[in-house]
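Participant: In terms of UniProt numbering, the sequence shown has 330 at position 330, counting the first letter as 1, and numbering is strictly consecutive. Idealized CB from N, CA, C, for every residue including glycine. What follows is a structure written as structure tokens; I'll ask about it next.
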Amino acid sequence: MGTYNITLLPGDGIGPEIVSGAVTVLNAVGKKFNHTFSYTEADIGGCAIDKHGTSLPQETIDKCLASDSVLLGAVGGPKWDGVPADIRPESGLLGIRKALGLYSNLRPSILKPQLKAASPLKDDKLESGLDIMVVRELTGGIYFGKKQRAADNSWASDEEKYSREEILRIGKIAFETAMIRQKRVVSVDKANVLESSRLWRETMNELAKDYPEVALSHMYVDNAAMQIAINPAQFDVIVTSNIFGDILSDLSSAVAGSIGMLPSASLGAGKRGMYEPIHGSAPDIAGMDIANPIATIVSAAMMLELSFGLLEEARAVNCAVDAVLDAGYRTADIMSEGMKKIGTKEMADRIAANI
């Protein structure tokens, strides 16, 4: 029996609905395995701008730091497109990662057999399956680099900058992850053009000497995007920078059938992490009970495993998701002929019932 304190950051758009679904499943896990999950809500993103005038109030940071882990829904929406850049919803997301020291983002992209028809790739491209782990650096690079704009708006710039230490620590995460998988790492960069990428590649080569069992190869980001689209089975672990990881993980999720299926874990040096689906806030469908909660639910399963060490409980969640999919239930984004369409709440309830 354990007691775990979780800060919930529902955020904007469909965020409250999908986080609520994950809580339903976590409560079922608690009942089944005799754990207590307590929840504290906090504001982030657009809703925080509306209430507090900033996308990341200090109160939110304090609540997250006082918790065992954090579960995030989604932030942003066109409502806040016109606010200053330093308080946009997305700046709150970048800020909470920095405040919690979360420098690595693990984004698994797995094609479930039940959803093979949902993938845009032809069957012959999927014969060997799809199981990619994208390890994305999270607190460096162009998103956090120096930003400038001319007074007359004639130009603007963003600096892409990485230190050797930042590259080493994300590289270690990638190599350690590969050691418990297929022992293959592809490091993605743009070393033919960018000096920061040349340092990235040099540092990865240096680090590889400490992991002789792991096969390291390099790929330019444009080629990596093409290879994910035409031959995804060749990848085991992909390690890359903040901006490249942002883009490639979305591509790998689309190949897996739906961005609504895939979770992520943002981790630092300790056990506390922030777990979230990789999709956006989808304000156009907010409140309509049609969003897919599975990515958030599986993100909660990653939290159970990686932050709390509850491996059996995490497996129970993933098995429950499979059971509901095996029974033919689908949300609109993964719907196919012959399946039974259900809404956000019913999907979460059915998964919880299968714990």
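Give the DSSP-derived three-state secondary structure of A156 in the structure shown.
Facilitator: The three-state secondary structure of A156, taken from DSSP, is strand.
Participant: Report yes or no: do three or more beta-carbon pairs, one from the segment 82 to 102 and one from the segment 286 to 305, lie closer than 8 Å?
Facilitator: no
Participant: When DSSP labels each residue in this structure, what does V324 get in the three-state scheme?
Facilitator: helix
Participant: CB-CB under 6 Å to F244, same chain, minus the five flanking residues each way: which ones, in chain order?
Facilitator: The residues are V188 and V221.
Participant: The beta strand (DSSP E) with L102 in it runs from where to where?
Facilitator: Here L102 belongs to no beta strand (DSSP E), and DSSP marks it neither H nor E.
Participant: Have a look at T344 and D289 and give me their C-alpha separation to the nearest angstrom.
Facilitator: 5 Å
Participant: Taking R272 as the reference, give the member of A42, G15, G82 and S104 with the closest Cα.
Facilitator: The shortest C-alpha separation from R272 is found at S104.
Participant: Quick check on M133: buried or exposed, where buried means 16 or more other Cβ atoms within 10 Å of its Cβ?
Facilitator: buried
Participant: Within the same chain, show all residues whose beta-carbon is closer than 6 Å to that of I170, passing over the 5 residues directly before and after it, in chain order.
Facilitator: S104 and E137
Participant: Can you name, in chain order, every residue of its own chain whose Cβ lies under 8 Å from the Cβ of A348, other than the five neighbours on each side?
Facilitator: S20, G21, A22, T24, V25, P293 and I297
Participant: Using 8 Å as the cut-off, can you tell me whether the segment 247 to 258 makes contact with the segment 221 to 237, which would need three or more C-beta pairs spanning the two stretches below that distance?
Facilitator: yes
Participant: So is D12 buried or exposed if we call it buried at 16+ other beta carbons inside 10 Å?
Facilitator: buried
Participant: Suppose contacts are defined by Cβ-Cβ distances below 7 Å. Is S281 in contact with G77 by that definition?
Facilitator: yes
Participant: Using the C-alpha atoms, what's the distance from V186 back to R198?
Facilitator: 15 Å
Participant: Is it a yes or a no for the segment 313 to 321 touching the segment 333 to 341, going by three-plus beta-carbon pairs under 8 Å?
Facilitator: no
Participant: In terms of residues, what are the limits of the alpha helix (DSSP H) holding D62?
Facilitator: Q58 to L65
Participant: Count the other CB atoms, across all protein chains shown, that sit within 10 Å of the CB of residue 383; report buried if there are 16 or more and exposed otherwise.
Facilitator: In this structure the chain extends from 1 to 355, so residue 383 is not present and cannot be described.
Participant: Please look up how many angstroms separate the CB atoms of T36 and G45, rounded, as I've assumed it's under 8 Å.
Facilitator: Not really, about 28 Å apart at Cβ, beyond 8 Å.
Participant: Would you identify the three-state DSSP class for N5, choosing helix, strand or coil?
Facilitator: strand
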